[in-house]
Ligand SMILES: [Zn+2]
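Residue numbers (our numbering): 21 to 403.
What follows is the structure, encoded as structure tokens:
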């Protein structure tokens, strides 16, 4: 009993300390859909980049992204990751060192992946990639109900299913997704972005990442959200199409956009030195020739990576010790960095910053299954 009492005191003390001294004031969660750990840590794949079926001009693409030296090669593909994050932040998931990041959900497609990242919970129920309401609470919605964050939460994504995964309707924070128009009354740039969006021919469920980025950035400059989700989607789109050249180019573009955003953050007094980026993906993909696909049946689809940079992140660079992390730990890592506890009606996986033997933050029973799925408008089964 005494031991239990002491344990409770320690737990409370840790909780209070965390709440008094948050490591970060703002957190941005940034994802790029279905981008493999293999390219993050090894750069372009030797076989895939040489395959004329997957790359229109193999020799030109190789001058951009190939080098026999793996360290140079990965820096060519993702210069911000390897010049900045590797120096000042952390890169998790290089399986060459047994440093692993996995999805904990069974399905290894997008909806379950984003749910896991944002709710901190690998739901055993299968929700396909459809515009169906997610009834799991997520970290953004939770924070939006806290006084310090109310109205300071936002999400921008290329994929038009994100408002359903984040349950925008019931969480009351803005989720701008797909080719959704921006509010034209506040910013002249929004009028321009809307004009471009209206004139994109052959709109799919995934908006051009560049438009998502410009929309998000103008919102950030104007409203200074404290917690932001920014979801890029084109890496997955072009992998499914079997275009390894465009897959690499889009990944390179995402790296450049993150670099641009980090530069903005570090030169804006509101964000400078008190903001953390957590960058990850929603699922892996197949290995070798099965690189185009992913899912329950495709080996390698559960293997992912996480990059972190900014306030509260020790500059440990590429992590090389044997370790297992899960994408479901992202949600509580966000709240932990902010000095908050994410309390939900489902289990929430422990934050990455805590030692492995720390008890999980749980709040009791898992939420009852709901089969009230609504508004099935678009199917995106392969996302
Ligand atoms: Zn996909």
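Ideal placement from N, C-alpha and C gives every residue a C-beta, glycine not left out.
Residue interval of the beta strand (DSSP E) (run including residue i)
| i | result |
| --- | --- |
| residue 197 | 195-197 |
| residue 273 | From DSSP, residue 273 is part of no beta strand (DSSP E) but of the alpha helix (DSSP H) over 264-286. |
| residue 175 | 173-177 |
| residue 328 | 326-330 |
| residue 255 | Not the beta strand (DSSP E): residue 255 falls in the alpha helix (DSSP H), residues 254-260. |
| residue 119 | 119-122 |
| residue 52 | 46-52 |
| residue 345 | 343-346 |
| residue 105 | Note, residue 105: premise wrong, no beta strand (DSSP E); not H, not E. |
| residue 185 | Here residue 185 belongs to no beta strand (DSSP E); instead the alpha helix (DSSP H) covers 182-185. |
Proximity test, residue i beta-carbon vs ligand 1 heavy atom, cut-off 8 angstroms
| i | result |
| --- | --- |
| residue 272 | no |
| residue 79 | no |
| residue 259 | yes |
| residue 129 | yes |
| residue 229 | no |
| residue 190 | no |
| residue 314 | yes |
| residue 366 | no |
| residue 143 | no |
| residue 87 | no |
| residue 210 | no |
| residue 244 | no |
| residue 256 | yes |
| residue 303 | yes |
Beta-carbon proximity check, residue i vs residue j, cutoff 9 angstroms
| i | j | result |
| --- | --- | --- |
| residue 121 | residue 300 | yes |
| residue 196 | residue 168 | no |
| residue 198 | residue 52 | no |
| residue 222 | residue 369 | no |
| residue 282 | residue 75 | no |
| residue 249 | residue 177 | yes |
| residue 57 | residue 323 | yes |
| residue 275 | residue 134 | no |
| residue 125 | residue 142 | yes |
| residue 201 | residue 219 | no |
| residue 333 | residue 296 | yes |
| residue 262 | residue 175 | no |
| residue 346 | residue 136 | yes |
| residue 231 | residue 81 | no |
| residue 357 | residue 123 | no |
| residue 109 | residue 335 | yes |
| residue 363 | residue 162 | yes |
First through last residue of the alpha helix (DSSP H) which encompasses residue i
| i | result |
| --- | --- |
| residue 230 | 229-243 |
| residue 217 | 208-218 |
| residue 159 | 159-164 |
| residue 67 | 66-69 |
| residue 85 | 78-85 |
| residue 137 | 130-139 |
| residue 61 | 57-62 |
| residue 353 | 350-357 |
Nearest candidate by alpha-carbon position, reference residue i, set the options
| i | options | result |
| --- | --- | --- |
| residue 184 | 151, 258, 194, 330 | 151 |
| residue 97 | 285, 62, 327, 41 | 62 |
| residue 127 | 344, 115, 108, 149 | 149 |
| residue 325 | 261, 71, 101 | 101 |
| residue 260 | 314, 209, 213 | 314 |
| residue 350 | 138, 95, 67 | 138 |
| residue 247 | 160, 57, 347 | 160 |
| residue 107 | 358, 345, 328, 354 | 328 |
| residue 114 | 188, 341, 359 | 341 |
| residue 99 | 296, 217, 279 | 279 |
| residue 270 | 54, 175, 43 | 54 |
| residue 91 | 118, 71, 59 | 59 |
| residue 191 | 86, 224, 217, 154 | 154 |
| residue 89 | 331, 66, 186 | 66 |
| residue 41 | 316, 343, 294 | 294 |
| residue 147 | 224, 181, 165, 166 | 181 |
| residue 290 | 304, 306, 262, 242 | 242 |
| residue 240 | 118, 171, 44, 320 | 171 |
| residue 227 | 166, 336, 353, 179 | 179 |
| residue 244 | 112, 272, 292 | 292 |
| residue 338 | 352, 210, 238, 119 | 119 |
| residue 209 | 217, 238, 225 | 238 |
| residue 318 | 331, 330, 304 | 304 |
| residue 286 | 330, 166, 352 | 330 |
| residue 265 | 367, 173, 361, 64 | 64 |
| residue 49 | 189, 173, 78 | 173 |
Near ligand 3: residue i beta-carbon under 8 angstroms from a heavy atom
| i | result |
| --- | --- |
| residue 54 | Looking at this structure, you won't find ligand 3 anywhere; what it does contain is ligand 1. |
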